[in-house]
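*Asks:* This is the structure I have questions about; it appears just below.
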Amino acid sequence: MRNDRGRVQKLRGDARRDRRVVRRSAAGVVVVGLAAVGVMVAGAVAQADVPAQWNPFTAAGGYSVYAREDAFLGGSETEGAIAVGGTLSVRGTSGYYPAVQFVAGAGDYVLPTVDGDPTRVLVSQYGGDGRIEITNAGQDPVDPATTGILKVATPSDAWTFAERGGFTRHIRAGADVDDAPLIDVNALPWPGTADAAADEIYTAVPDAADYVEADMTWTYDEAASCLATVEDPVNDLANFPTVVEDTSGRVVLAGISADHPNVIVYDAALGAQQVQFADGEPLLGPANPLVVVVPAGTTVVNAPFGGSASAPHYVMWDFTDVTGAVTVQPATGPQGRIVGSLYGPETDMTVSAAPIDGQILARNLDVTVGSGETHAYFFRGVLPCPAPTPTPTVTPTPTPTITPTPTPTVTPTPTVTPSPTPTVAPTPSGSTPGGELPATGGTFDPTLPIALSLAAVGAGAILADYARRRSTRSRRGARG
C-alpha cells in the first residue's frame, strides 16, 4: 500500500513540476516570438510576472519564517509557521523548541497547506541535536486550519518514525525513542507503523521551495527591480517622510502619506536612534506601509523602531541590495524588540532580538541563542509595480544587396568589304566589235530577249506545220 501511494505521490509531483515548466516555457515562447519580429519592450521581461499591486512576502508562501537554504533557530520559540529549503536545526539546550500558533504575538492567521495538510513546519531535512515540539498551542478556538503537522521533503534512511504518548515522533533510525535530535508532531496521532507515518509526513514533491513559492509568479530579480522602481523618488510612486526632530536619541518622522508607500533609507545615524512618528500622522496600513531601504554593503542594522504603535504588520526592511552576511539587532541592545518584516532573499542573516515582530525571509538564517520569541506579524502592505512605458526597439530592416544587371556583350557587326566596281574598257568611238549593237544612249529592255525567243519558237512551229502539210499532199499524189 505504501508503494502504491508513493507512486501516486510521485505522479502528482511530476505533473505539478511539468505544469510549472510549461508555464515558464510558454512565457519564454512569447519573448522569442517578439524577438523574431524584431520588437522587444524594454523592461517588460524584468517585471512581466509581477502584479501591478503585490506583496514581496508572497514568496514566503504563508510561512512566518522562510530560509531558502539552511536555518538555525536559537530563540525561545516560534509563533507561526517555519519553512526551510535545506536543513533546519534548533538549539540543543533548555528542553524543547516550541512551534505554536500564539502566545504573545498575533494569532490571526491560518497555516499554509502541503499536499492538503495544514503545516506548521516544512523542511527538506532536519539536523543538529535539538528537540522540536509542534504543539499548535494558542488556538482559539481549535481549528483544523491552524492545527499543523510536520512535512519533510527529502526522505532519508537515517531517519524513521516512532510512537510516543499516542502521537508521532520523528527520530534517527536505530536511536532510542527519547534520544535527540527529534521532532514531536502532537497533532498527528500514531498511524500504527513507521511506513504509515512516512506516508503522512513525506511530501509528494521532493523540494520544499516548490510548496513555499507556489504562488510566486516572479523571480527574486524581478522583485528587486520593482522595489527599486518604487524606492526611486524620480518615479513618484512613494512618499518620503522627513525628519522633524533629532534630539536626545530620538528621531521623529513627519509627512507620512495615508495612501502611498512611505520610504526611508537606513543609515548609521538612524540606527543609533529610536524612531517615532510625529503626533497626528496617519496610521500605517495596507496602502501606506513603511519601507526601510538598507543600502548595499551594510553589514549591521540596528533596528530602531519600538512599541506596538509602530504597526509591525506594515513595516518592511528591504535588504534586496544586500548580499552575504548581515546582522540585524535592536538599537536598544540585545534584548530589545525588532519591529517589522525582514526581506533579504540573498542574505545570510543573523538576527538577535527579544522578540522579533514580523516575518523573516532570508537565504540562510541564524536566530541566535538567547533571542526571544519570533512572532507571526505577517507583512500586509501592498506595493505598486507599474508596467514600464513600452519603448520598442525596432530592428532595422536590412538594406537589400542589389546584384547589378550585367551589361550584355554586343557582337560587333562584321565590316562589309565592298565589292570592287568592275572597270569597263572604253569602246572605241565608231566601232561595234562582236556585232553588238552600238550604244545609242537608250535604255536596255530586259524583256526583249524573251520576246525574241517566243517569236523564234512561233516561227519554227509555223514552218514545221507547213512542211507537214506539203509532205501529206505529196503522198496523196503518189497514190493517185
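Sequential numbering of the sequence shown, starting at 1, is according to UniProt numbering. Cβ coordinates follow ideal geometry from the N, Cα and C atoms, glycine included. These numbers come from a predicted model, not from an experiment.
If you measure between the beta carbons of residue 371 and residue 359, is that distance less than 8 Å?
*Replies:* What you label residue 371 is simply residue 371 of the sequence shown in a count that begins at 1. What you label residue 359 is simply residue 359 of the sequence shown in a count that begins at 1. No.
*Asks:* If you pair each beta-carbon of the segment 245-254 with each one of the segment 183-198, do three or more pairs fall below 8 Å?
*Replies:* With a cut-off of 8 Å, the segment 183-198 and the segment 245-254 do not count as touching, because too few Cβ pairs lie within range.
*Asks:* On the CB-based measure, 16 or more other CB atoms within 10 Å of its CB, does residue 91 come out buried or exposed?
*Replies:* By one-based count along the sequence shown, residue 91 stands at place 91. Burial call: buried.
*Asks:* Hey, residue 375 and residue 163 are a contact pair by Cβ (cut 8 Å); roughly how many whole angstroms apart?
*Replies:* Residue numbering aside, residue 375 sits at position 375 when the sequence shown is read from its first letter. Residue numbering aside, residue 163 sits at position 163 when the sequence shown is read from its first letter. Rounded, the Cβ-Cβ distance is 33 Å, inconsistent with contact.
*Asks:* Where does residue 337 land, buried or exposed, given buried means 16+ other C-beta within 10 angstroms?
*Replies:* By one-based count along the sequence shown, residue 337 stands at place 337. The residue in question, residue 337, is buried, as its Cβ has 16 or more Cβ neighbours within 10 Å.
*Asks:* Given a cut-off of 8 Å on the beta-carbon distance, is the pair residue 347 and residue 363 in contact?
*Replies:* If you number the sequence shown from 1, residue 347 lands on position 347. If you number the sequence shown from 1, residue 363 lands on position 363. It is a contact, given that the beta carbons lie within the stated cut-off.
*Asks:* Which term fits residue 345, buried or exposed, when burial requires 16 or more other beta carbons within 10 angstroms of its beta carbon?
*Replies:* Taking the sequence shown and counting its residues from 1, the one referred to as residue 345 is at position 345. Classification of residue 345: buried, given that the 10 Å Cβ count is 16 or more.
*Asks:* Measuring only the C-alpha atoms, how far is residue 233 from residue 240?
*Replies:* Position 233 of the sequence shown holds residue 233. Position 240 of the sequence shown holds residue 240. Between residue 233 and residue 240, the C-alpha separation is close to 8 Å.
*Asks:* Which same chain residues end up closer than 7 Å to residue 216 when comparing Cβ atoms and leaving out the 5 residues on each side of it in sequence?
*Replies:* On the sequence shown, position 216 is the one that residue 216 refers to. Closer than 7 Å at the Cβ level, and outside the excluded window around residue 216, lie 58 and 59.
*Asks:* Can you list, in chain order, the residues of its chain whose CB lies under 6 Å from that of residue 56, leaving out five sequence neighbours each side?
*Replies:* For this step, residue 56 is matched to residue 56 along the sequence shown. If we look at residue 56 and ignore the five residues flanking it on each side, its Cβ neighbours are 223 and 343.
*Asks:* Whole angstroms are fine: how far does the CA of residue 383 sit from the CA of residue 124?
*Replies:* Residue mapping note: residue 124 aligns to position 124 of the sequence shown, counting from 1. Residue mapping note: residue 383 aligns to position 383 of the sequence shown, counting from 1. Roughly 31 Å between the two C-alpha positions.
*Asks:* Against chain E, with Cβ distances strictly below 8 Å, would residue 233 count as a contact?
*Replies:* Looking at the structure shown, chain E is missing, and only one protein chain is on hand.
*Asks:* Can you give me the C-alpha to C-alpha distance between residue 319 and residue 190, rounded to a whole angstrom?
*Replies:* Counting from one through the sequence shown, the residue named residue 319 turns up at place 319. Counting from one through the sequence shown, the residue named residue 190 turns up at place 190. Each residue's alpha carbon lies about 43 Å from the other.
*Asks:* Can you check DSSP and say which residues form a bridge with residue 341?
*Replies:* Looking up residue 341 in the sequence shown gives position 341. BP columns for residue 341 point to 316.
*Asks:* The alpha helix (DSSP H) that contains residue 223, what's its start and end?
*Replies:* Locating residue 223 in the sequence shown gives position 223, where the first residue counts as 1. That run of the alpha helix (DSSP H) goes 220-231.
*Asks:* Measuring only the C-alpha atoms, how far is residue 71 from residue 368?
*Replies:* As a working note, residue 71 is residue 71 in the sequence shown. As a working note, residue 368 is residue 368 in the sequence shown. Those two C-alpha atoms are separated by around 11 Å.
*Asks:* List the endpoints of the continuous beta strand (DSSP E) containing residue 201.
*Replies:* The residue you call residue 201 lines up with position 201 of the sequence shown. No beta strand (DSSP E) holds residue 201; the alpha helix (DSSP H) holding it covers 194-201.
*Asks:* Are the segment 158-176 and the segment 107-122 touching by the rule of at least three beta carbon pairs closer than 8 Å?
*Replies:* With the cut-off at 8 Å, the segment 158-176 and the segment 107-122 do not touch.
*Asks:* For the candidate residues 322, 285, 281 and 356, whose alpha-carbon lies nearest to that of residue 304?
*Replies:* Indexing the sequence shown from 1 puts residue 304 at position 304. When only C-alpha atoms are compared, the closest one is 356.
*Asks:* So the candidates are 102, 295 and 115; which of them puts its Cα closest to the Cα of residue 210?
*Replies:* What you label residue 210 is simply residue 210 of the sequence shown in a count that begins at 1. Checked all of 102, 295 and 115; the closest Cα to residue 210 is 115.
*Asks:* How far does the beta strand (DSSP E) with residue 71 in it extend, from its first residue to its last?
*Replies:* Reading the sequence shown from its first residue, position 71 is the one you call residue 71. Here the beta strand (DSSP E) through residue 71 covers 71-73.
*Asks:* Beta-carbon within less than 8 Å of residue 242's beta-carbon, same chain only, minus the 5 sequence neighbours each way: which residues are those?
*Replies:* Counting from one through the sequence shown, the residue named residue 242 turns up at place 242. Counting only Cβ-Cβ distances below 8 Å, and skipping sequence neighbours, we find 253, 254 and 255.
*Asks:* Where residue 378 and residue 395 are concerned, what is the direct C-alpha to C-alpha distance, given to the nearest angstrom?
*Replies:* Against the sequence shown, residue 378 aligns to sequence position 378. Against the sequence shown, residue 395 aligns to sequence position 395. In a straight line, the C-alpha of residue 378 is about 46 Å away from that of residue 395.
*Asks:* Using a Cβ-Cβ cut-off of 6 Å (strictly less than) and excluding sequence neighbours within five positions of residue 202, which residues of its own chain qualify?
*Replies:* Position 202 of the sequence shown holds residue 202. Result list for residue 202: 152 and 155, in chain order.
*Asks:* Give the C-beta separation of residue 187 and residue 149 to the nearest angstrom, bearing in mind that I take them to be a contact with Cβ-Cβ under 8 Å.
*Replies:* Locating residue 187 in the sequence shown gives position 187, counting from the first residue. Locating residue 149 in the sequence shown gives position 149, counting from the first residue. Between residue 149 and residue 187 the Cβ distance is about 5 Å, and since that is below 8 Å, they are a contact.
*Asks:* Using DSSP with H/G/I as helix, E/B as strand and the rest coil, what is residue 365?
*Replies:* If you number the sequence shown from 1, residue 365 lands on position 365. Residue 365 falls in the strand class under three-state DSSP.
*Asks:* Please say whether residue 135 and residue 492 have beta carbons closer to each other than 8 Å?
*Replies:* With the chain covering 1 to 480 only, the question about residue 492 has no answer from this structure.
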